[in-house]
Amino acid sequence: MKAKNKCVAVILAGGKSARMGHPKGLLDFFGTYWLLEQLKRLKLAGIRTIYIGLGYDAEAYFNAIPILKEAQKVGAFWLGIKVNVSVNTTPELGSFSTLQMILNEVSSFEKLLIIPIDVPLLNQQELRALLKQKEQLVKPQFQKQSGHPILIKGEVVGDLLKLPKLARLDEFIKSNTKYTLKYWDCLDPQVILNINTLEIWNNYKSQSLAVTG
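Structure, rendered in structure tokens:
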């Protein structure tokens, strides 16, 4: 019997990036693409299986990072990470439809970390602490304002797949009465940061360091 992955991650990168004017995952972050920087941060936290959902700019991602094209269907390894890529053919339905597409494909797991491409991962100490939370739904918050990434347990997936493609994960969490829910307090304001303009991106970069290796 195949063992479950303790935790896998999903990066949602299927949006239009209209305000940014450039695919967010392909922004330059000190010589590497932002998407790859996020992969490195997840690896440091101990995650070795990552699913990436693309959409509007899939071809741009494939041209810039060829291994993403290779990672469709059966996956590919990058820096010791098993990367799996799927393309949402109806990205206009929103990020939840991209999440559902991946949930239909993801292999067995105990926990799933859901990361929008425009939200930086929180610092390593607190990211590791988040991954240790035991509730079925965990949403980090900074100064009572909730953000991302969201951690869910495997038993939640069935109900997420029953929802309409136009549904919203945050609304599902708010209306939830079935699963244990925790708004997890953290000290890292990155959980509420939305990088959707070049001005916000440049401000973020000016205060950041890249993960090496």
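Quick note: the sequence shown uses this note's numbering, first residue 488, plus one each step.
Virtual Cβ for every residue (Gly too), placed ideally from N, Cα, C.
Looking at the backbone, the Cα of ASN575 and that of LEU541 are separated by about 6 Å.
The Cβ neighbour count for GLY567, taken over all protein chains shown within 10 Å, is under 16; the residue is labelled exposed.
CA-to-CA, the gap between ILE554 and SER573 works out to about 13 Å. Cβ-Cβ separation between VAL497 and ILE602: approximately 7 Å, consistent with a contact (criterion under 8 Å). Contact check for LEU624 against CYS673 fails: the beta carbons are separated by 9 Å or more.
Within the stretch 566-642, the alpha helix (DSSP H) runs of at least 4 residues that lie entirely inside it are, in chain order, 582-590, 611-618.
With the rule of 3 Cβ pairs closer than 8 Å, the stretch 627-634 counts as touching the stretch 670-684. Judged by DSSP secondary structure, TYR543 falls outside any beta strand (DSSP E); it is assigned neither H nor E. Between the alpha carbons of LEU580 and LEU499 lies a gap of roughly 13 Å.
Judged by DSSP in its simplified three-state form, TYR691 adopts helix.
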